[in-house]
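Below: the structure, in structure tokens.
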Amino acid sequence: MMAIIGASGSGKSSLLNIIGGLDRPSAGQITVNGRNLDINLLSADECAQIRQLYIGFVFQAFSLIPTLSAQENVEMTLRILQVSPAERRRRAAYCLSLVGLGRWADHRPFEMSGGQQQRLSIARALAHGPAMLIADEPTSDLDSETGRQILQLFAQLVEEEGITVLMASHDPASDDFATEVYELQDGSIANRVSNGRSN
Numbered sequence: 000m001m002a003i004i005g006a007s008g009s010g011k012s013s014l015l016n017i018i019g020g021l022d023r024p025s026a027g028q029i030t031v032n033g034r035n036l037d038i039n040l041l042s043a044d045e046c047a048q049i050r051q052l053y054i055g056f057v058f059q060a061f062s063l064i065p066t067l068s069a070q071e072n073v074e075m076t077l078r079i080l081q082v083s084p085a086e087r088r089r090r091a092a093y094c095l096s097l098v099g100l101g102r103w104a105d106h107r108p109f110e111m112s113g114g115q116q117q118r119l120s121i122a123r124a125l126a127h128g129p130a131m132l133i134a135d136e137p138t139s140d141l142d143s144e145t146g147r148q149i150l151q152l153f154a155q156l157v158e159e160e161g162i163t164v165l166m167a168s169h170d171p172a173s174d175d176f177a178t179e180v181y182e183l184q185d186g187s188i189a190n191r192v193s194n195g196r197s198n
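Each residue of the sequence shown is one higher than the one before, starting from 0 at the first, in numbering that gives the first Met the number 0.
See below:
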């Protein structure tokens with residue numbers, strides 16, 4: 000798990016957006032799944048396809064659909080990808096159990112705590128089987144204990160599922176869980192710390 004830290008305006012979200020193919024860089028290269036890509040030459044559809052294949056997003060705002068159950072929220076990503084109904088149900092149930100919400104499948108977001116809603120957004124991000132999760136301030140709307148639980152969940156996903164987690168955070172606890180910490184200052188990497196954990 001890698002953490003990007005820095006003051007507001009240092010470029011954390013911009014960097015995540017570039018890595019996720021949401022924004023285009025002014026210079027440099029992006030490597031996706033071992034392949035150098037010139038994002039500036041790709042169409043919006045090609046960037047979307049890369050995101051669908053390799054990347055899941057977890058945002059500060061949970062962005063859940065309030066009228067849908069937890070199961071249906073997770074299935075929505077798979078519905079867009081035209082996955083069969085049976086496979087959607089199977090994968091959604093698996094992702095919900097992975098984040099500890101198996102018993103909450105029929106509940107709507109407003110019936111859940113903030114931590115449960117963030118876990119639901121993580122399950123949704125995992126549904127299509129991405130190689131990487133990009134998380135922008137995933138603990139900022141949570142109390143410190145719930146935030147640590149989300150960070151522990153990310154560490155578990157790295158360890159057990161082999162997923163790369165890249166997150167931007169102001170949360171000092173993120174340093175405790177990340178294998179690499181990059182500090183940004185004015186859009187540049189000012190410091191890099193390796194915590195010696197296996198990735």
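Cβ atoms here follow ideal geometry from the backbone N, Cα and C, with glycine treated the same way.
- Scanning its chain for C-beta atoms nearer than 6 Å, with the 5 sequence neighbours on each side dropped, one finds around N39 the residues R23, in chain order.
- Taking the Cα positions, S143 is about 14 Å away from Q117.
- For N35, the enclosing beta strand (DSSP E) has its first and last residue at 34-36.
- For the pair S12 and D135, the CB atoms are nearer than the 8 Å cut-off.
- DSSP places A122 within a helical segment (H, G or I) once states are collapsed to three.
- S187 sits in a strand when the DSSP states are folded into three classes.
- Distance from the CA of R123 to the CA of E74, rounded to the nearest whole angstrom, comes to 7 Å.
- Relative to F58, the option among I121, L156, G161, R90 whose CA is nearest is I121.
- For the 8 Å CB-CB criterion, T178 and M0 form a contact.
- It is roughly 14 Å from the alpha-carbon of L15 to the alpha-carbon of C46.
- Between the C-alpha atoms of I17 and C94 there is a straight-line separation of about 27 Å.
- For a cut-off of 8 Å, the C-beta gap from S68 to D105 is around 5 Å, short enough to register as a contact.
- Contact between P129 and Y53 is confirmed by a C-beta separation of about 6 Å, below the 8 Å threshold.
- In the structure shown, the three-state DSSP call for T66 is coil.
- A direct Cα-Cα distance of roughly 13 Å separates L21 from D37.
- Per DSSP, reduced to three states, the secondary structure at G55 is strand.
- Its Cα nearest to that of P65, the residue F109 stands out among F109, G114, R102.
- Scanning the region 110-180 from its first residue to its last, the whole alpha helix (DSSP H) runs of 4-plus residues come out as 113-125, 143-155, 173-176.
- Distance check between I162 and each of G55, S173, L41 places G55 closest, using alpha-carbon atoms only.
- Taking 8 Å as the cut-off, the Cβ atoms of L183 and I3 count as close.
- Beta-bridge analysis with DSSP links S193 to E179.
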